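Novice: Take this structure first; my questions come after.
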Amino acid sequence: MSNAGYMYRLSPSLDSFQATMSGLLRPCRISQKSSRSYRTEVSHGRMKPFGLTAIRIGGQARIEVDAHRDMTLLQIPLQGNFISRDQRGDGLLYSAGINAQLVDAHSPIDLEFHPSTRMLIFNLNDSQIDILGGKALVEQFTHNKRVISFNTGAGRAFYHLAEFVMKEIETDREAFFDGGLADRLEDSLLASLAAALDAMPQQKPRATAVPCYVQRAERFMADNLDKNLTLGEIVTVTGASARTLHRTFREVRGDTPLGVLKTMRLEKVHAELIRGTCGAGDITRVAMRWGFNHMGLFAADYRNRFGMAPSETVRRARSS
Numbered sequence: 660m661s662n663a664g665y666m667y668r669l670s671p672s673l674d675s676f677q678a679t680m681s682g683l684l685r686p687c688r689i690s691q692k693s694s695r696s697y698r699t700e701v702s703h704g705r706m707k708p709f710g711l712t713a714i715r716i717g718g719q720a721r722i723e724v725d726a727h728r729d730m731t732l733l734q735i736p737l738q739g740n741f742i743s744r745d746q747r748g749d750g751l752l753y754s755a756g757i758n759a760q761l762v763d764a765h766s767p768i769d770l771e772f773h774p775s776t777r778m779l780i781f782n783l784n785d786s787q788i789d790i791l792g793g794k795a796l797v798e799q800f801t802h803n804k805r806v807i808s809f810n811t812g813a814g815r816a817f818y819h820l821a822e823f824v825m826k827e828i829e830t831d832r833e834a835f836f837d838g839g840l841a842d843r844l845e846d847s848l849l850a851s852l853a854a855a856l857d858a859m860p861q862q863k864p865r866a867t868a869v870p871c872y873v874q875r876a877e878r879f880m881a882d883n884l885d886k887n888l889t890l891g892e893i894v895t896v897t898g899a900s901a902r903t904l905h906r907t908f909r910e911v912r913g914d915t916p917l918g919v920l921k922t923m924r925l926e927k928v929h930a931e932l933i934r935g936t937c938g939a940g941d942i943t944r945v946a947m948r949w950g951f952n953h954m955g956l957f958a959a960d961y962r963n964r965f966g967m968a969p970s971e972t973v974r975r976a977r978s979s
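Using the working numbering, the first residue of the sequence shown is number 660, and each one after it goes up by one.
Here it is in structure tokens:
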């Protein structure tokens, strides 16, 4: 089943799965099977310039995936685990909630799936790699360094966002890909991935003059905090490239443009909640007014910023 926005295929055949994945992402071959029947599922759609694919194989199998000069893959196990082997045959285990695999465009992959494995795959092109910090960053994760750990705060935040994406796809694939949610999540996913790659906030930003294009970006963000801004819109206003803007924000603000935007919005929410005029039932309304669409992620960001839950802020403000 497919339309302009997404594609979904359910099949008992690994050969069908192989053909589907070869057409969507990189050419691949089934090198080992453990049973005669499988229950494979593939959901695929576009999130603006990059693709998102959710897969389930339903049995144990080994799959060899070719290199692809234009496609970096981020592979996240959301249930079960898989083993990725290098050219020497050495394997690394990737498990749900523990870690994910980032594979540069020039590296083949040898994957061993377990029966319970569910995986979310992002294929990243050069524009996303530039936003994340450039190809040099991705090269840090090649060979034996392909692991993105989820044992940090930033890693856990990205994993929970990936879980949310998978849940929304499984609940209503068509609504996710064609209803606008996928587009609204694109910038959040990139910003969260950048943090998980340790490419986001630095503890001590370098003291330097603030370039005019950074100032233009901040004025534009401050004037449009209640709008659904994208990174592309911010870049267009500044006249700088996405990579330059990303790098300079990290140098002078210790954060990315989207990180600064989120902080601005959190400050607006906090300012309203501490007035003492809001009840617990007003938190969602206030958060959505300032651009937060996912209340679980908002609550986590708010706690990280202010050291307490939004509801605790409301209680303290009303009691004082």
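Where a beta carbon is used, it is the ideal one built from N, C-alpha and C, also for glycine.
A quick note: this is a predicted structure, and the numbers were derived from the prediction, not measured.
1) Ignore the nearest five residues each way along the sequence and tell me which others in F980's own chain have a CB closer than 6 Å to its CB.
2) Can you tell me where the alpha helix (DSSP H) with I942 in it begins and where it stops?
3) When the Cα atoms are used, what is the spatial distance from S670 to R688?
4) Taking the beta carbon of T897 as the centre, do at least 16 other beta carbons fall within 10 Å, making it buried, or is it exposed?
5) Is I790 helix, strand or coil when you go by DSSP?
6) So the beta strand (DSSP E) F672 belongs to, where does it begin and stop?
7) Kindly indicate which three-state DSSP category H765 falls into: helix, strand or coil?
8) So, using beta-carbon positions, are L783 and L733 closer together than 8 Å?
9) Report yes if the CB atom of R721 is closer than 8 Å to the CB atom of Q760, and no otherwise.
10) What does the alpha-carbon distance come out to for the pair A946 and G839?
11) In whole angstroms, give me the CA-to-CA distance for E833 and G704.
12) Would you decide whether T972 is buried or exposed? Buried here means 16 or more other CB atoms lie within 10 Å of its CB.
13) Kindly indicate the opening and closing residues of the alpha helix (DSSP H) around C687.
14) Are A850 and G918 close, meaning C-beta to C-beta below 8 Å?
15) Given a cut-off of 8 Å, decide if L752 and L647 are closer than it, judged by their beta-carbon atoms.
16) Within 10 angstroms of the Cβ of H765, are there 16 or more other Cβ atoms? Answer buried if so, exposed if not.
17) Determine the burial state of K921: buried for a count of at least 16 other Cβ atoms within 10 Å of its Cβ, exposed for fewer.
18) Hey, F809 and L770: beta-carbon distance below 8 Å or not?
19) Closest to T915 by C-alpha separation, out of D789, G756, R977, M967, would be which residue?
20) For the alpha helix (DSSP H) containing T972, name the first residue and the last one.
21) Considering Q874, what are the terminal residues of the alpha helix (DSSP H) in which it resides?
22) Please name the residue in W949, Q746, H929, L684 whose C-alpha comes closest to that of N883.
23) Relative to the alpha-carbon of L684, which residue among S696, T699, A713, S690 has its alpha-carbon at the smallest distance?
24) Using the C-alpha atoms, what's the distance from D837 back to I780?
25) Whole angstroms are fine: how far does the CA of I828 sit from the CA of R981?
26) May I have the straight-line CA-CA distance separating A968 from G940, to the nearest angstrom?
Specialist: So, from the data block:
1) The structure shown does not extend to residue 980, since the chain is modelled only from 660 to 979, so the question has no answer here.
2) Within the sequence shown, residue 942 is the residue found at index 283, counting from 1. 942-948 is the extent of the alpha helix (DSSP H) around I942.
3) Counting from one through the sequence shown, the residue named residue 670 turns up at place 11. Counting from one through the sequence shown, the residue named residue 688 turns up at place 29. One C-alpha to the other measures close to 16 Å.
4) For the purposes of this step, residue 897 is taken as the residue at position 238 of the sequence shown. So T897 ends up on the buried side.
5) Locating residue 790 in the sequence shown gives position 131, counting from the first residue. In this structure, I790 counts as helix in the three-state DSSP scheme.
6) For this step, residue 672 is matched to residue 13 along the sequence shown. At residue 672 the sequence reads Ser, which differs from the Phe that was named. Segment: none, S672 is in no beta strand (DSSP E) and carries neither H nor E.
7) As a first step, residue 765 must be located in the sequence shown, where it is residue number 106. Three-state DSSP puts H765 in coil, outside helix and strand.
8) Here residue 783 refers to the residue found at position 124 of the sequence shown. Here residue 733 refers to the residue found at position 74 of the sequence shown. Cβ atoms of L783 and L733: closer than 8 Å.
9) In the sequence shown, residue 721 corresponds to position 62, counting from 1. In the sequence shown, residue 760 corresponds to position 101, counting from 1. No, they are not a contact pair.
10) Within the sequence shown, numbered from 1, the residue matching residue 946 stands at position 287. Within the sequence shown, numbered from 1, the residue matching residue 839 stands at position 180. Spanning the two alpha carbons is a distance of roughly 19 Å.
11) Residue 833 sits at position 174 when you count from the first residue of the sequence shown. Residue 704 sits at position 45 when you count from the first residue of the sequence shown. Each residue's Cα considered, the two are about 9 Å apart.
12) For the purposes of this step, residue 972 is identified with residue 313 of the sequence shown, where counting begins at 1. Flag for T972 reads buried.
13) Taking the sequence shown and counting its residues from 1, the one referred to as residue 687 is at position 28. First-last for C687: 687-692, but that is the beta strand (DSSP E), not the alpha helix (DSSP H).
14) As a working note, residue 850 is residue 191 in the sequence shown. As a working note, residue 918 is residue 259 in the sequence shown. Yes, they are a contact pair.
15) Limits of the chain in this structure are 660 at one end and 979 at the other, which puts residue 647 out of reach.
16) Against the sequence shown, residue 765 aligns to sequence position 106. Label assigned to H765: exposed.
17) Here residue 921 refers to the residue found at position 262 of the sequence shown. The residue in question, K921, is buried, as its Cβ has 16 or more Cβ neighbours within 10 Å.
18) Here residue 809 refers to the residue found at position 150 of the sequence shown. Here residue 770 refers to the residue found at position 111 of the sequence shown. No, the Cβ-Cβ distance between F809 and L770 is not below 8 Å.
19) The sequence position of residue 915 within the sequence shown is 256, counting from 1. The shortest C-alpha separation from T915 is found at D789.
20) Walking along the sequence shown from the start, residue 972 turns up at place 313. From DSSP, the alpha helix (DSSP H) with T972 extends over 969-978.
21) Taking the sequence shown and counting its residues from 1, one reaches residue 874 at position 215. Its alpha helix (DSSP H) spans residues 871-882.
22) Indexing the sequence shown from 1 puts residue 883 at position 224. Of W949, Q746, H929, L684, the residue nearest in Cα terms is W949.
23) Locating residue 684 in the sequence shown gives position 25, counting from the first residue. Per the Cα distances, A713.
24) By one-based count along the sequence shown, residue 780 stands at place 121. By one-based count along the sequence shown, residue 837 stands at place 178. Straight-line Cα distance between these residues: approximately 19 Å.
25) Nothing in the structure corresponds to residue 981, since the chain is present only between 660 and 979.
26) Residue numbering aside, residue 968 sits at position 309 when the sequence shown is read from its first letter. Residue numbering aside, residue 940 sits at position 281 when the sequence shown is read from its first letter. Computed Cα separation, rounded: 14 Å.
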